[in-house]
Amino acid sequence: MFKYHLYPHNILLPRPVNISSFPTLISLAGLTNYIYECSLPENVTHMSSEPRNVLLRVYGEIFVEGDTPLLDTVIFTLLSERNHSPHLFGVFPEGRIEEFIPSRALRTDEVSQPQMSVAIARKLAVFHQLKLPLCKVPRWIDDILSRWCEAASRVNIEDVQNKELFAKIKKIDIFKELKFLRKLVADTTSPVVFSHNDCQEGNLLFLNDQRKTLEENLVLIDYEYASYNYVAYDFANHFNEWTMDYSMEEPPYYKITKSDYPSREQQIAFLKAYDQKCEELGFLTDELGSYEERMREIKRFAAANHFLWALWSVIQAKVSRTTFGFLEYALDRFTEYLNCKKNLPEDMLSRVQGL
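Residue numbers (our numbering): 1055 to 1409.
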């Protein structure tokens, strides 16, 4: 596959590259895409402006739908030009070649550490204040939930290995829940920003450069879900991910620890750090609302977020070649969605049900 796609007539690169020049192909972590580190051998000379290591990203099966890859490339290119993302070295129909950043992804237990959490909040504020020439209407949640509900409904029991788990999942009326979530989202007062929509430990690289601050050492990567969206959704996704550990070496290859969800005090500390960065940037200073109001909105979007990733996992169970307990994960995320829905503020629920 790689030999075909890396021929010069199929890929945009500074100069022709022979795939045989890349003997080292190391698979890196990734659940949506297939990611590889490519390295030139020591005996291959290169121009001073060219890298010896690059990151090869091949879009995963669920990602190659409609105009999603094109939009992802546009966003990545815009962010790269503004120095908010790794440099872009080449593109091809099923992926791209990016700058390889010597670093490591954060661990789940690190995102909740007070200083790290402050740095992440400040990093998100910088991302949110970006102005990109994209549609500002916050329709991403509705669009992706609609597409993924349709796709998940087409997954059949013959498509999966664990029939018993799948039977439990099929008992959930996803279209009924979609109708509810559309009303829930429509009721929000959360400001619209350019959102990452997948801020979790695997998408936060740590450079460990002693000359830089903790905030400067963080790099927020992977923008395949980035769009204009409600700011509370980005917070909700990040807080939900505090409970998710994907580093498990045994099936189902993840662990959910509900008690790791940020406390009220931890949420306020995060929001306070975010606000301070916004003030420095002159961004959203009059629109954010009180901490209590924003934590209510986070509860709203925590439900939508669990439902979204549950759908994603059902689809992945059919199409992905990645070793991961997708059906187990889907059932867990659906369960968390229902718990969040049950615990929504009563006035919010009654208002939504009246829409």
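Every residue gets a Cβ at the ideal spot worked out from N, C-alpha and C, and that includes glycine.
Would you decide whether Val1415 is buried or exposed? Buried here means 16 or more other CB atoms lie within 10 Å of its CB.
Nothing about residue 1415 can be reported from this structure: the residues present for the chain run from 1055 to 1409 only.
Secondary structure at Phe1143, three-state DSSP: helix, strand or coil?
Phe1143 falls in the strand class under three-state DSSP.
In this structure, what does DSSP give as the bridge partners for Val1247?
The bridge partners DSSP lists for Val1247 are Asn1283.
In three-state terms, what does DSSP make of Gly1379?
It is coil, neither helix nor strand.
Run through DSSP, which three-state label would Asn1393 get?
Assigned with DSSP and collapsed to three states, Asn1393 falls in helix.
Measuring straight from C-alpha to C-alpha, what distance separates Val1247 and His1182?
Going by the C-alpha atoms only, they are around 5 angstroms apart.
7 angstroms CB neighbourhood of His1360 in its chain, flanking five on each side removed
Leaving aside the five residues that flank His1360 on each side, the residues in its chain whose CB is nearer than 7 angstroms to its CB run, in chain order, Asn1294, Arg1387, Glu1390, Tyr1391 and Cys1394.
Is Asp1197 near Leu1409, with beta carbons less than 8 angstroms apart?
No, these two residues do not count as a Cβ contact at 8 angstroms.
Considering only C-alpha positions, which residue in the set Pro1305, Asp1213 and Glu1278 is nearest to Asp1121?
Restricting attention to Pro1305, Asp1213 and Glu1278, the CA atom closest to the CA of Asp1121 is found in Glu1278.
In the DSSP assignment, find the beta strand (DSSP E) that holds Asn1107 and state where it starts and stops.
For Asn1107, the enclosing beta strand (DSSP E) begins and ends at Asn1107 to Val1112.
Out of Pro1095, Leu1094 and Tyr1113, which one is the CA nearest neighbour of Asn1087?
Out of Pro1095, Leu1094 and Tyr1113, Tyr1113 has the C-alpha closest to the C-alpha of Asn1087.
Please classify Cys1189: is it buried, with 16 or more other beta-carbons within 10 angstroms of its beta-carbon, or exposed?
Cys1189 counts as exposed, since fewer than 16 other beta carbons sit within 10 angstroms of its beta carbon.
Classification of Thr1162 by the beta-carbon crowding that lies within 10 angstroms, buried from 16 upward:
Buried, because 16 or more other Cβ atoms sit within 10 Å of the Cβ of Thr1162.
Glu1135: which of Arg1106, Gln1215, Met1170 and Leu1184 sits nearest, CA to CA?
For the residues Arg1106, Gln1215, Met1170 and Leu1184, the minimum Cα distance to Glu1135 belongs to Leu1184.
Limits of the unbroken beta strand (DSSP E) element including Arg1150:
Boundaries of the beta strand (DSSP E) harbouring Arg1150: Gly1149 to Glu1153, taken from the DSSP string.
C-beta contact flag for Asn1291 and Cys1253 at 8 angstroms
Taking 8 angstroms as the cut-off, the Cβ atoms of Asn1291 and Cys1253 count as close.
Mind checking which residues open and close the alpha helix (DSSP H) that includes Val1373?
From DSSP, the alpha helix (DSSP H) with Val1373 extends over Tyr1345 to Val1373.
Once DSSP output is grouped into helix, strand and coil, what is the label at Val1214?
In the structure shown, Val1214 adopts coil according to DSSP, grouped into three states.
Please report the straight-line C-alpha distance between Arg1348 and Asn1262, rounded to a whole angstrom.
Between the alpha carbons of Arg1348 and Asn1262 lies a gap of roughly 32 angstroms.
Can you tell me the Cα-Cα spacing of Leu1132 and Met1402, whole angstroms?
Going from the Cα of Leu1132 to the Cα of Met1402 covers about 38 angstroms.
Using three-state DSSP, classify Cys1253 as helix, strand or coil.
Per DSSP, reduced to three states, the secondary structure at Cys1253 is coil, with no helix or strand assignment.
Under a three-way DSSP split, which group does Tyr1328 fall into?
In this structure, Tyr1328 counts as helix in the three-state DSSP scheme.
Could you tell me how far apart the beta carbons of Leu1268 and Gln1169 are, in whole angstroms, since I believe they sit closer than 8 angstroms?
The pair is a contact, with the Cβ atoms about 6 angstroms apart (cut-off 8 angstroms).
Taking a contact to mean a Cβ-Cβ separation below 8 angstroms, would you say Pro1192 touches Asn1251 in this structure?
With contacts defined by Cβ atoms closer than 8 angstroms, Pro1192 and Asn1251 do not form a contacting pair.
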